[in-house]
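Numbering (full-length UniProt numbering), first residue to last: 1 to 141.
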């Protein structure tokens, strides 16, 4: 879905985009070395590790699949902006980079900081009565 959204967003914005998909079924539409050489930027939207060796000397933008699905136009626009500025190397984009999510993350960090300053212990996890060990104990008792 991310690949399709990026392809459509690129076409809507007037850019030629080649998309390679690496998934459980293997690699589909593998990019040729010529296509990579001609590219102004490389966009990787993946939740797993992707080898970047083929993209040395290129602008490489890295984000999540969610970014490619939900914000494809913004991803393409960011790539164009950085490529036009002559940027090369690796750039991370995505949920943590836009204002709304970044502010939410800052609020979460503030609240965890307050908890660390208090004398009360920090509780992690869910309800201990619903945990695996509690359920196994009930099952075998």
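We treat Cβ as the ideally placed atom computed from N, Cα and C, and that holds for glycine.
The region 29-40 in contact with the region 66-78 per 3-pair CB rule at 8 angstroms
no
Using only alpha-carbon positions, find the residue among 44, 89, 33, 138 that is nearest to residue 6.
44
Extent of the continuous beta strand (DSSP E) to which residue 36 belongs:
Element bounds for residue 36: not the beta strand (DSSP E) but the alpha helix (DSSP H), 33-38.
Output the distance between the C-alpha atoms of residue 8 and residue 136, rounded to the nearest integer angstrom.
50 angstroms
Taking Cβ positions only, does residue 36 come closer than 9 angstroms to chain D?
Of the protein chains in the structure, only one exists, and it is not chain D.
Entirely enclosed alpha helix (DSSP H) segments - the UniProt domain "PTS EIIB type-2" (1-81), minimum 4 residues
2-12, 33-38, 65-70
Whole-number beta carbon distance between residue 92 and residue 62, since they are thought to touch under 8 angstroms:
5 angstroms
C-alpha gap between residue 16 and residue 37, whole angstroms:
14 angstroms
Report yes if the C-beta distance between residue 79 and residue 47 is below 9 angstroms; otherwise report no.
no
Between the C-alpha atoms of residue 25 and residue 90, what's the straight-line distance to the nearest angstrom?
27 angstroms
CA-CA distance, residue 14 and residue 81?
14 angstroms
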